[in-house]
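Okay, so here's the structure we're looking at.
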Amino acid sequence: MPERTLLCGWGRTAPTRACVLAPEVADDVQRALAHADARGTVARGLGRSYGDAAQCAGGVVLDMRSLAGIGDVDQVTGEVDVGAGASLDSLVRATLPSGWFLPVTPGTRQVTVGGAIAADVHGKNHHVDGSFAQHVAGMTLATPTGLRRIGPSSDPELFWATAGGMGLTGVVTEARVQMLRVETDQMLVDTDRFVDLDGVMAAMEHGDADYRYSVAWVDCTAALGARRSGHTGRAVLTRARHAARDDLPPPDRHRAPSPPPSTWLRAPRRVPPHLLHTLSIAAFNEAWYRRAPRHRTTELQSMWRFFHPLDGVADWNHLYGPRGFLQYQFAVGPGEGAVVAAVISELADRRIPSFLAVLKRFGPSAPGPLSFPVPGWTLALDMPIGPPALRACLDGLDEAVAAAGGRVYLAKDARLRPELLDTMYPRIGELRTVRRRVDPEGVLRSDLSRRLGLDRGLDRGLDRGLDRVGD
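Numbering (my numbering), first residue to last: 40 to 510.
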């Protein structure tokens, strides 16, 4: 075995050590699972899970980035075979020039296809198109009991348990993805600015059906002052559709769609611990809000500006300093908008700054028992580690979300208490049943699965957080 490597998530919290293997082909993955030691194995892509989902303290982590082949898009069906280690960035670079785009994209292209399935990622179009796995026609899954080809109609229980299953049902080695036909690399964007959260939520509730993509940025730092007038926060809502050729200026109408530009900035590796604090975050939010137009329609924007603005800055997570940061993302039902307002108000009361807060609406859920989206609202907040009240505040917010029938997103989580998991994900027993079928010896496990008790019934006496740094 190679020496153990220190690994952490994108939030740079809770690092642990594991032996990292880099399989070259699917058979290598199968062999690694067949000869796994007692400490467990999990797959890892580009490390963009914010917490500990792609870590396995004292065990083996499979670096999947070498399984990155991309086939030709079927020009009739739009389907393409993709290695699980291929990034969404490389996939769109390969397919966009011929007129095909990602059916669902999260806020970054720096996610592997395998990771997108394991987290069942969503985007600004969930209310129309659902989550990523709902556009996967089939996949090859390496499990401790064999290599399997599965799909929505071929072993659907295993397929949907894998979609959002955080790598605990097997290791995806290849997938067939249904791409989206587009004519250009431009978006037609409508922007509106709102003085309070009530206004933007009402606009989204009544108008999102007219748009394929919708997202609101919310200024949480303004929440306390706004509450004095009976409201919470202010927001900028952007909604969009793909631009057709006829929407472009005449000189650009016959130009083939262009792949995204390369990263042009890199965040410094060493940042002062308190660079992002209440005052600096408030100043950024004020500038961002004032920069947005009060009302503007049919603005042409590049896909990359609309979907992935942070991809222009490599290693932007380092801006939060050496202690890292948390992203807290939760979802609640369509009638639970008050919970969204209460979360923002609570953060303001506790003086906990959020650098980035993003609000979206979810459509119908995918069939997966651990898939995150549920119909209603989702709010994602980035918060630097540091405020003494942070942990207690988030524990309280967890309870409020669970009481409202909501849940937190496990791909972003680094600190949820295990006793709330079954309440937030009431179908978790279905995942455990599938795991017992394909992994009866409990080979597949991670720091996240140990922390949250997801391995109950597969216990090999290893749920003690082995090799966790600081223990």
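A virtual CB, placed ideally from N, CA and C, is assigned to each residue, including glycine. For clarity, every value in this text was computed on a predicted model and none was experimentally measured.
Spanning the alpha carbons of Asp-235 and Gly-272 requires a straight line of approximately 5 Å.
When DSSP states are grouped into helix, strand and coil, Pro-412 belongs to the coil group. Here Arg-87 is not near Leu-101, since their CB atoms are 8 Å or more apart. Looking at the DSSP output, His-281 sits in a beta bridge with Met-226.
Non-local beta-carbon contacts of Glu-244 in its own chain, meaning distances under 7 Å to residues more than five positions away in sequence, are absent.
Collapsing the DSSP output to three states places Leu-60 in a strand. Counting only the Cα atoms, Arg-476 lies some 42 Å from Phe-345. Cβ contact annotation for Glu-438 (same chain, cutoff 8 Å, sequence separation greater than five): Leu-459, in chain order. In this structure, Val-228 sits near Ala-279, with a CB-CB distance shorter than 8 Å. Ala-387 and Ala-381 have their C-alpha atoms spaced approximately 10 Å apart.
With a 10 Å radius around the Cβ and a threshold of 16 neighbouring Cβ atoms, Arg-330 comes out exposed. The C-beta distance from Val-81 to Ser-485 rounds to 4 Å, short enough to fall under 8 Å. The way I'd put it, the stretch 43 to 52 does touch the stretch 358 to 365; three or more beta-carbon pairs between them come closer than 8 Å. In the three-state reduction of the DSSP assignment, Asp-235 falls in the coil class, being assigned neither a helical nor a strand state.
With contacts defined as CB atoms closer than 8 Å, Met-205 and Leu-487 qualify as a contacting pair. Measuring C-alpha to C-alpha distances from Val-413 to each of Ala-443, Ala-396, Phe-394 identifies Ala-443 as the nearest. By DSSP's assignment, Gln-173 forms no beta bridge with any residue.
Rounded to the nearest angstrom, the gap between the Cα atoms of Lys-163 and Phe-198 is 24 Å. Under the 10 Å beta carbon count, Ala-295 is surrounded by fewer than 16 other beta carbons and is classified as exposed. In the DSSP annotation of this structure, the continuous segment of the alpha helix (DSSP H) that includes Ile-467 starts and ends at 467 to 477. Within the stretch 196 to 225, the complete beta strand (DSSP E) segments of 3 residues or longer fall at 210 to 217, listed in chain order.
In the three-state scheme derived from DSSP, where H, G and I count as helix and E and B as strand, Pro-373 is classed as coil. Straight through space, the alpha carbons of Asp-120 and Val-112 are spaced by roughly 8 Å. The continuous alpha helix (DSSP H) containing Val-440 extends over residues 429 to 442. Distances from the CA of Leu-358 to each of Ala-202, Ile-424, Gly-154, Thr-182 were compared; the closest alpha carbon is that of Ile-424. For Phe-394, no beta strand (DSSP E) segment is defined, and its DSSP state is neither H nor E. Secondary structure at Asp-461: helix, using DSSP grouped into helix, strand and coil.
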